[in-house]
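One structure is given below, encoded as structure tokens.
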Amino acid sequence: MADRLQTDWAPRILSIVRIVAALIFMEHGTSKLLGFPEGGFSPEAFSLPWIAGILEIVGGALLVVGLFTRPTAFVLSGLMAFAYWLAHAPKSPYPLLNGGDAAILFCFIFLYIAFAGGGPWSVDEMLRKKS
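This is how it looks when you write it as structure tokens:
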């Protein structure tokens with residue numbers, strides 16, 4: 001039973017985690033750049049938060065479908081590490097107090113995906129099977 005869970009379901013759950021994390025991540029970008037959902041923050045064009053919003057939308061969309069999964073996840077992991085140390089850590093050493101807990105989680109989820117891949121339900125996997 002445990003072997004079946006490992007071989008059959010672990011890769012599928014990896015795909016589900018990738019998709020859900022990417023959709024939630026995209027929401028941060030759409031809030032910044034498209035005003036949906038309304039977040040009350042609209043960064044100036046070509047500022048660091050604006051560039052982050054672009055990466056959140058484009059990178060999130062790539063991860064949702066599982067295209068260029070490993071390099072995209074690696075870049076987004078770095079983005080979240082950068083965001084944590086630049087925007088959150090200076091406020092407090094405690095993630096709960098500095099609002100950086102989501103950045104930390106995204107950083108490590110994306111780092112894991114960069115090494116594990118997108119799972120069986122990804123465009124990358126479909127392309128790999130065709131070649």
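Note that full-length UniProt numbering has the sequence shown beginning at 1, numbered continuously upward. For glycine and all other residues, C-beta sits at the position ideal for the given N, C-alpha and C.
Going by C-alpha to C-alpha distance, which of Phe25, Cys107, Phe46, Tyr94 sits closest to Val64? Looking at Phe25, Cys107, Phe46, Tyr94, the one whose alpha-carbon comes closest to that of Val64 is Phe25.
Whole angstroms is fine: what's the gap from Gly53's alpha carbon to Ile104's? Rounded to whole angstroms, the gap between the alpha carbons of Gly53 and Ile104 is 17 Å.
Would a C-beta distance cut-off of 8 Å place Gly78 and His88 closer than the cut-off? In terms of Cβ geometry, Gly78 and His88 do not form a close pair [threshold 8 Å].
So what does DSSP say about Pro90, is it helix, strand or coil? Of the three classes helix, strand and coil, the one that applies to Pro90 here is helix, per DSSP.
Do you know offhand how far Ser42's Cα is from His28's? Take the alpha-carbon of Ser42 and the one of His28: they are about 11 Å apart.
Cα-Cα separation, Asp124 to Gly118: In this structure, the alpha-carbon of Asp124 lies about 7 Å from that of Gly118.
Rounded to whole angstroms, what is the Cα-Cα separation between Leu33 and Gln6? Computed Cα separation, rounded: 40 Å.
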